[in-house]
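A.B. asks: If you scroll down you'll find the structure; I have some questions about it.
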Amino acid sequence: MVHAFFDPAQAAAFNAAASKKDSQFEVRYFALHGLGNITRVLLASSGAKFTNFNPEDWPAVKPEAPFGVMPLLKETTSDGKVIQIAESDAIERYLSKKFGYYGDDIFEETLINTFVANDNDVLGKIFGYLMIKDAEQKAEAKEKVFTGAVANWIKNHELHLKNNGSNGHYVGNKHTLADFKTSQLIQIILGLSGQDLISEKETPALFKVKTTVDKIPSLAAWRATDEFKALAEKNKELLGF
705 MVHAFFDPAQ AAAFNAAASK KDSQFEVRYF ALHGLGNITR VLLASSGAKF
755 TNFNPEDWPA VKPEAPFGVM PLLKETTSDG KVIQIAESDA IERYLSKKFG
805 YYGDDIFEET LINTFVANDN DVLGKIFGYL MIKDAEQKAE AKEKVFTGAV
855 ANWIKNHELH LKNNGSNGHY VGNKHTLADF KTSQLIQIIL GLSGQDLISE
905 KETPALFKVK TTVDKIPSLA AWRATDEFKA LAEKNKELLG F
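Those letters in the sequence shown? Residues 705 to 945, per this note's numbering, in order.
Okay, structure coming up:
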């Protein structure tokens with residue numbers, strides 16, 4: 705039997721919902737940032753109405769998820785149509801297209817995909833070492849990741865951002881998914897290493913991506929809520945940043 709998330713019968717509802725900006729959203733994820741962070745950031749930045757649902761008994765509802773993992777996104781349009789999406793990458797790209805964060809043409813979309821893919825690669829390496837239990841091995845792995853993948857990422861992205869005018873954006877002069885992903889990665893790097901690698905003085909073009917995203921009014925307003933602060937506190941407790 706086809707899983708409800710993958711049922712072709714959803715096609716018409718998806719196509720109808722794609723252009724609607726007044727939908728209401730439910731983000732299903734744990735009570736921390738983690739893989740649900742960018743989804744929430746995109747919704748908050750666009751001014752969309754959304755609620756967070758944190759399953760108290762995840763094992764009990766886990767079978768409902770297509771791959772047994774979260775985040776999951778539920779969208780209800782103003783005329784009552786409901787669609788559901790699994791997997792953070794698919795959710796982020798869907799929302800980016802809906803709210804205008806995915807470029808104006810195929811070239812820009814490809815650029816965004818390229819920078820996002822590189823961000824995800826570095827994020828994967830960081831989370832990989834964070835999962836190591838042995839303290840000595842973890843410290844060695846962190847050193848390798850930060851002097852290798854992270855340092856290389858900083859050098860290459862700083863250069864591109866300078867070539868784009870050091871305006872806080874990857875593509876043109878507008879917010880895209882690449883900006884949001886890099887802003888998140890910068891925050892993680894700062895949380896794990898302080899300003900030794902990224903700072904307004906040493907990497908001004910990269911740092912401006914973060915400050916430009918931080919200034920989005922609706923995102924700043926959400927980050928001032930008790931709900932966001934609770935997510936950030938739990939993230940710090942579990943992951944160290």
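Each residue gets a CB set at the ideal place from its N, CA and C atoms; glycine is no exception.
Hey, Ile892 and Phe945: beta-carbon distance below 8 Å or not?
C.D. replies: The count along the sequence shown starts at 1 and reaches residue 892 at position 188. The count along the sequence shown starts at 1 and reaches residue 945 at position 241. Cβ atoms of Ile892 and Phe945: closer than 8 Å.
A.B. asks: What first and last residue would you give for the alpha helix (DSSP H) that runs through Thr942?
C.D. replies: Translated into the one-based positions of the sequence shown, residue 942 becomes position 238. Reading off the sequence shown, one finds Leu at residue 942, where the question assumed Thr. Here the alpha helix (DSSP H) through Leu942 covers 930–943.
A.B. asks: Please go through the same chain and pick out, in chain order, the residues whose beta-carbon is closer than 7 Å to the beta-carbon of Tyr833, but skip the five residues on each side of it.
C.D. replies: Here residue 833 refers to the residue found at position 129 of the sequence shown. Excluding sequence neighbours, Tyr833 sits near Lys842, Ala845, Lys846, Val849.
A.B. asks: Is the stretch 787–799 in contact with the stretch 862–880, if contact means three or more CB pairs nearer than 8 Å?
C.D. replies: The stretch 787–799, when compared against the stretch 862–880, does not touch it at the 8 Å Cβ threshold.
A.B. asks: Under DSSP, the alpha helix (DSSP H) around Glu719 begins and ends at which residues?
C.D. replies: As a working mapping, residue 719 is identified with position 15 in the sequence shown. The sequence given here has Asn at residue 719, not Glu. Start and end: 715–721.
A.B. asks: Would you check if the distance between the CB atom of Ser887 and the CB atom of Ser749 is smaller than 8 Å?
C.D. replies: By one-based count along the sequence shown, residue 887 stands at place 183. By one-based count along the sequence shown, residue 749 stands at place 45. Not closer than 8 Å, so no.
A.B. asks: So what does DSSP say about Ala735, is it helix, strand or coil?
C.D. replies: Taking the sequence shown and counting its residues from 1, the one referred to as residue 735 is at position 31. Three-state result, Ala735: coil.
A.B. asks: Sort Thr781, Arg732, Lys753, Ala715 by Cα distance to Val765 and report the nearest one.
C.D. replies: Taking the first residue of the sequence shown as 1, we reach residue 765 at position 61. The residue with the shortest Cα to Cα distance from Val765 is Arg732.
A.B. asks: Cα-Cα, which of Ile836, Ser870, Gly772 is closest to Lys914?
C.D. replies: Translated into positions along the sequence shown, residue 914 becomes position 210. That would be Ser870, whose Cα lies nearest to the Cα of Lys914.
A.B. asks: Could you check the C-alpha separation between Val773 and Arg797 for me, to the nearest Å?
C.D. replies: Residue 773 sits at position 69 when you count from the first residue of the sequence shown. Residue 797 sits at position 93 when you count from the first residue of the sequence shown. Each residue's alpha carbon lies about 18 Å from the other.
A.B. asks: With distance defined between alpha-carbon atoms, name the residue in Phe710, Val917, Val826, Ala928 nearest to Leu746.
C.D. replies: Indexing the sequence shown from 1 puts residue 746 at position 42. Closest by alpha carbon: Val917.
A.B. asks: With the cut-off set at 8 Å, would you say Thr780 and Gln714 are in Cβ contact?
C.D. replies: In the sequence shown, counting from the first residue as 1, residue 780 sits at position 76. In the sequence shown, counting from the first residue as 1, residue 714 sits at position 10. Cβ distance not < 8 Å, so Thr780 and Gln714 don't count as in contact.
A.B. asks: Quick check on Val849: does DSSP put it in helix, strand or coil?
C.D. replies: In the sequence shown, residue 849 corresponds to position 145, counting from 1. In this structure, Val849 counts as helix in the three-state DSSP scheme.
A.B. asks: Hey, how far is the Cα of Pro770 from the Cα of Phe709?
C.D. replies: Against the sequence shown, residue 770 aligns to sequence position 66. Against the sequence shown, residue 709 aligns to sequence position 5. Straight-line Cα distance between these residues: approximately 7 Å.
A.B. asks: Which whole-angstrom value is the C-beta distance of Ile816 and Ala882, which I expect to be below 8 Å?
C.D. replies: Here residue 816 refers to the residue found at position 112 of the sequence shown. Here residue 882 refers to the residue found at position 178 of the sequence shown. Contact flag correct, Cβ pair sits at about 5 Å.
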